[in-house]
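Quick notes on the structure that follows.
Here it is, written out as structure tokens:
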């Protein structure tokens with residue numbers, strides 16, 4: 192241990208080593224030391240190095256440290272694969288005869304589509320519905336137990352429904368999961384449940400003017416490449432956070448180094 | 312380090328001890344003597360003695376006030 196502590200003394204600034212190195216080594220030889228002493232020496236060396244740094248150096252080092260920490264975290268996050276399915280919503284006449292609405296204005300079409308999709312997804316995203324999917328597909332390691340609200344929220348965040356550009360009310364349902372095959376299967380399950388929910392709602396609304404039908408235009412995709420996480424973005428954010436932290440720290444250090452007015456005057 | 316531990320009960324690490332020695336020397340409160348077989352004795356300067364006395368006096372007042380309040384608590 193004494194040898195390790197003597198080696199750790201090299202972490203101190205050169206000027207410190209020249210002044211105190213010899214007596215410090217003599218102290219280590221005489222004293223009872225253990226791993227706490229080693230930690231103490233490393234901490235002391237870090238403080239000594241840090242106290243000599245200028246504003247720019249602090250900012251650069253914390254920026255670099257932020258980027259490295261963020262990169263390590265980013266590479267520990269598993270890949271996510273996003274499966275997509277495209278849906279079209281069409282109006283149904285009360286007689287039951289299907290009627291597409293190309294002649295209706297896009298705003299009306301889009302509104303009908305949005306209402307229909309929102310109602311269907313709300314039904315699918317109910318706690319019991321998502322619980323069943325989580326248990327059936329063994330998602331998030333939650334099998335054989337009721338998933339926590341946190342896991343339900345996590346799954347909700349992984350489901351995204353967005354309108355696709357164009358005249359017809361077309362929507363894309365996306366689901367992200369670390370396993371690409373499961374991602375595709377769960378997307379299929381989600382869209383099936385949405386279609387079922389829409390049918391139930393349509394039957395319940397049989398007295399209203401019209402209801403809507405959902406059709407799958409493109410089946411759920413099997414993702415080939417990961418859709419996230421964006422490791423570069425996370426690293427960049429870490430770099431920025433490190434830079435901001437470094438600037439703050441640099442300011443604090445500068446203020447602390449400035450002698451009080453009374454001391455400076457004397 | 313053993314000396315500090317024996318009278319204060321506090322275990323001071325070598326890094327902490329040398330951090331303190333450097334600060335005290337920079338403030339002119341202690342001065343290094345001639346090196347003896349790599350070991351270097353330190354002694355208080357007049358400024359250091361004055362500061363030390365002030366600190367002790369403040370601590371004494373603090374201890375007395377604490378003891379007084381503890382008696383009435």
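Protein chains in written order, with this note's numbering: chain S, 192 to 457; chain C, 312 to 384. Where is the CB? At the ideal position from N, CA and C, for every residue including glycine. Please read these numbers as outputs of a predicted model, since none were measured by experiment.
Practice task
Anything in chain S within Cβ reach of residue 351 (chain C), meaning under 9 Å, just list it in chain order.
Solution key: 211, 213, 214, 217
Practice task
Report the residue from S:446, S:436, S:447, S:233 whose alpha carbon sits nearest the alpha carbon of residue 252 (chain S).
Solution key: S:436
Exercise for the section: Return no unless some Cβ of chain C is closer than 8 Å to the Cβ of residue 261 (chain S). Expected result: no
Handout entry: Supposed contact pair residue 364 (chain S) and residue 382 (chain S) - C-beta distance, whole angstroms, cut 8 Å
Key = 6 Å
Practice task
Classify residue 275 (chain S) as buried or exposed, calling it buried when 16 or more other Cβ atoms lie within 10 Å of its own Cβ.
Solution key: buried
Exercise for the section: Verify the CB distance criterion: does residue 339 (chain C) have a CB-CB separation below 8 Å to chain S? Expected result: no
Handout entry: Check: residue 266 (chain S) C-beta below 7 Å from any heavy atom of the ligand MN
Key = The ligand MN is not part of the structure shown, which contains no ligands of any sort.
Problem - Per DSSP, cross-strand counterpart(s) of residue 350 (chain C) - result: C:347
Problem - Where residue 250 (chain S) sits in the DSSP three-state scheme - result: helix
Problem - Inter-residue Cα distance where the pair is residue 377 (chain C) and residue 363 (chain C) - result: 21 Å
Handout entry: Separation of residue 196 (chain S) from residue 242 (chain S), as counted between CA atoms
Key = 21 Å
Exercise for the section: May I have the straight-line CA-CA distance separating residue 278 (chain S) from residue 328 (chain S), to the nearest angstrom? Expected result: 23 Å
Handout entry: Interface residues of chain C facing residue 317 (chain S) [CB-CB closer than 9 Å]
Key = Neighbours of residue 317 (chain S) on chain C: none; closest Cβ ~58 Å, over 9 Å.
Handout entry: Residue from S:202, S:246, S:221 with nearest C-alpha to residue 439 (chain S)
Key = S:246
Practice task
Rounded to whole angstroms, what's the CA-CA distance from residue 407 (chain S) to residue 347 (chain S)? Just pull it up for me.
Solution key: 21 Å
Problem - Option in S:263, S:384, S:224, S:423 with minimal Cα separation from residue 323 (chain S) - result: S:384
Exercise for the section: Report the neighbours of residue 369 (chain C) on chain S: residues whose CB is nearer than 7 Å to its CB, in chain order. Expected result: Simply none; closest approach about 18 Å.
Handout entry: Touch test, the region 252-270 of chain S against the region 346-365 of chain C, Cβ-Cβ under 8 Å, three pairs minimum
Key = no
Practice task
Ignore the nearest five residues each way along the sequence and tell me which others in residue 316 (chain C)'s own chain have a CB closer than 8 Å to its CB.
Solution key: 322, 323
Problem - Assigned exposure category for residue 365 (chain C) - 16 Cβ within 10 Å defines buried - result: exposed
Practice task
Compare the beta carbon distance of residue 325 (chain C) and residue 228 (chain S) with 8 Å and say whether it is the shorter of the two.
Solution key: yes
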